[in-house]
DNA sequence: TTGTACGCGTTATCAT
DNA sequence: ATGATAACGCGTACAA
């Protein structure tokens, strides 16, 4: 029953010989690049079946065509860190769509501290790469990729000239939701932000701390809020999660004397946490407290509430990145694309109590 | 500033010529497979730098070595569907660890209805594949992969003889948590299950419906519960999420007359939703209602509660799959591995009120 | 419509 | 320690 040790797999030329045709004819049968008579096609297919040949060897084909059909997605740090953020998944889905025209797959790479991960970037047979986020490390990854001559697109990061970027109007969007709250009449407004840097420290963001912040998204969204509420305090969460939102919410809402009437969270998960904290404290949302988020994801676990938020086109961002990659691979010029968020009024914001 | 149209990239033999050595020597400088004198190494590296050569072409190297350094992970359906399940992420993290010894990357493939996705399975330059979950479609994917002669490992699915499987003691684990509840004295117990099939219909699971169910995990975990509570009703959720848990919880707990004293949910997310539904209705957990989950993930958004649950070793499952793949690629025999869940007592179960 | 010939860029073997 | 040589398996001009 068991096959003998290593019965070399059949190759295209084996099939061709068996079918009595040339290898180029056999090749064409599988690629469909040229017309082949039905008779010969059948003979080739039969021979292939007889030999257990399951199509051209992808590595050989890659070498020959100069294309592997693989696009790398470079994430920072552990996969879990990247996929904990709910916008990552629709983004990846969009990306797979965007490169679908290439028939390409997505190779997950992390640009880790570990040395041999650098080598993954240099040794992986990929046609192009998409970098997500923007750390110092990303810059190095970028250099490696560019020196390989690979097309690169960066999402939410600055990659220097010549590298197409997919960006979001974080500042303007944050300002928009702040203005919404302002129009409702709120004056006591606090921001709950994402992490300011890789230390992910919780707590009030002082001017000093803001000056040394490194996460662009956090900085930009806070700038947007302060375009509208220049004096608003800001509290940083350690991560984008409901539980972190709860922690921030408790800290903010515990003392009735200093309690804000509105909280602007930099992510929907944080907003959901703030709402939970408020409800724990017996506050009604939005009657006693208005809460707005950012992202426009489907938040699991806030029941009937519909979050007031800025909906970011996460899937479109991914798709755009994929499309630009596809263009570059076709030799067409690629462009940087800027996406804007859309305000969504929910049930979690209202005029402050008289 | 712009480079001319297509200045062919330097190859290894260009570098060798420039350095005045043979290509094989140059090759060895990059692979490190053999000793090279410092002098020649430096000359080669210099030449490489001068020519902008950034290392051996991965596709050519793949062809020559017969290895691409890529392991495919085949998920069912959209990425979002797969990554919505919180255990997927630690599993993927474990998997990347498991194949780290190969220096391999992970290629995401979906086995979609779309035809050209089948081709991704056949044309992707991968060394091995890991299938996750088990649908009818997975069976087809498996055939494709095996006919290519690729090592395959299946997680949570049945792949037929000769294919190493990574499995979980779903039935026994479900029985264990049921016994815990039984020991506490509960007699009115209801199960909230995952989807029974791809139609993902909500509602009571009749005997007929159970007979036609196709999702093994759901079937097995329910069997475990009924090993202890043969008569327990079961309600299916449409997906594993908090909101689905809320829906099921409301349906189950709305009528005080028929209200169970304990709910056994097939996932932690569902359990979290049931808890929320209970609290909405003014029930206290665990005083008025005991709720247990399954998975042992960190559930965001249930506040102080610590879920009573069966902790599944998700990361270990992934790592094991990766390790078996690595073994097969080294020509060593691979084995199926069975993992067991560990009971974790939380704060969400207690003896029923008198 | 089919066949001929060549090379894609490496790495492994073996000899030196 | 280094070099010559031969594949790896295929796609694609081009010719017939």
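Residue numbers (the UniProt record's numbering), protein chains in the order written: chain P, 1 to 354; chain G, 1 to 354. All C-beta atoms, glycine included, are put in the ideal place defined by N, C-alpha and C. Quantities reported herein were computed from a predicted structural model and do not represent experimental measurements.
8 Å CB neighbourhood of residue i in its chain, flanking five on each side removed
| i | result |
| --- | --- |
| residue 222 of chain P | 174, 191, 193, 205, 210, 234, 266 |
DSSP state of residue i mapped onto helix, strand, coil
| i | result |
| --- | --- |
| residue 201 of chain G | coil |
| residue 163 of chain P | coil |
| residue 226 of chain G | helix |
| residue 11 of chain P | coil |
| residue 154 of chain P | strand |
| residue 235 of chain G | strand |
| residue 117 of chain G | Its pLDDT being 49, under 50, residue 117 of chain G is placed unreliably by the model, and the measurement read from it follows with that caveat. If DSSP states are grouped into helix, strand and coil, residue 117 of chain G belongs with the helices. |
| residue 98 of chain G | helix |
| residue 271 of chain P | helix |
| residue 338 of chain G | strand |
| residue 70 of chain G | strand |
| residue 43 of chain P | helix |
| residue 308 of chain G | strand |
| residue 169 of chain G | coil |
| residue 104 of chain G | coil |
| residue 177 of chain G | helix |
| residue 214 of chain P | coil |
| residue 299 of chain G | coil |
| residue 195 of chain G | coil |
Rounded separation between residue i and residue j - CA only
| i | j | result |
| --- | --- | --- |
| residue 261 of chain G | residue 282 of chain G | 14 Å |
| residue 178 of chain P | residue 214 of chain P | 23 Å |
| residue 229 of chain P | residue 63 of chain G | 60 Å |
| residue 200 of chain P | residue 324 of chain P | 33 Å |
| residue 22 of chain P | residue 300 of chain P | 60 Å |
| residue 263 of chain P | residue 189 of chain P | 6 Å |
| residue 167 of chain G | residue 90 of chain P | 29 Å |
| residue 246 of chain G | residue 291 of chain P | 22 Å |
| residue 333 of chain P | residue 317 of chain P | 18 Å |
| residue 268 of chain P | residue 307 of chain P | 8 Å |
| residue 293 of chain P | residue 227 of chain P | 17 Å |
| residue 357 of chain P | residue 138 of chain P | Because chain P spans 1 through 354 in this model, residue 357 of chain P falls outside it and cannot be assessed. |
| residue 12 of chain G | residue 18 of chain G | 10 Å |
| residue 98 of chain G | residue 72 of chain P | 20 Å |
| residue 202 of chain P | residue 237 of chain P | 5 Å |
| residue 38 of chain G | residue 59 of chain P | 33 Å |
| residue 344 of chain G | residue 83 of chain G | 24 Å |
| residue 36 of chain P | residue 28 of chain P | 8 Å |
| residue 8 of chain P | residue 44 of chain G | 36 Å |
| residue 30 of chain G | residue 145 of chain P | 17 Å |
| residue 49 of chain P | residue 151 of chain G | 20 Å |
| residue 279 of chain P | residue 109 of chain P | 41 Å |
| residue 124 of chain G | residue 107 of chain G | 9 Å |
| residue 342 of chain G | residue 297 of chain G | 12 Å |
| residue 120 of chain G | residue 57 of chain P | 13 Å |
| residue 329 of chain G | residue 311 of chain P | 45 Å |
| residue 331 of chain P | residue 142 of chain P | 20 Å |
Same chain only: Cβ atoms within 6 Å of residue i, ignoring 5 sequence neighbours per side
| i | result |
| --- | --- |
| residue 340 of chain P | 169 |
| residue 352 of chain G | 185, 186, 261 |
| residue 101 of chain G | 326 |
| residue 86 of chain P | 297 |
7 Å CB neighbourhood of residue i in its chain, flanking five on each side removed
| i | result |
| --- | --- |
| residue 133 of chain G | 76, 156, 157 |
| residue 181 of chain P | 189, 262, 264, 290, 292, 349 |
| residue 217 of chain G | 156, 170, 194 |
Residue environment, residue i, which counts as buried when at least 16 other CB atoms sit within 10 Å
| i | result |
| --- | --- |
| residue 338 of chain P | exposed |
| residue 183 of chain G | exposed |
| residue 256 of chain P | exposed |
| residue 47 of chain P | buried |
| residue 42 of chain G | exposed |
| residue 287 of chain P | exposed |
| residue 232 of chain P | buried |
| residue 304 of chain P | exposed |
| residue 354 of chain G | exposed |
| residue 243 of chain P | buried |
| residue 198 of chain G | exposed |
| residue 276 of chain G | buried |
| residue 207 of chain P | exposed |
| residue 165 of chain G | buried |
| residue 149 of chain G | exposed |
| residue 160 of chain P | exposed |
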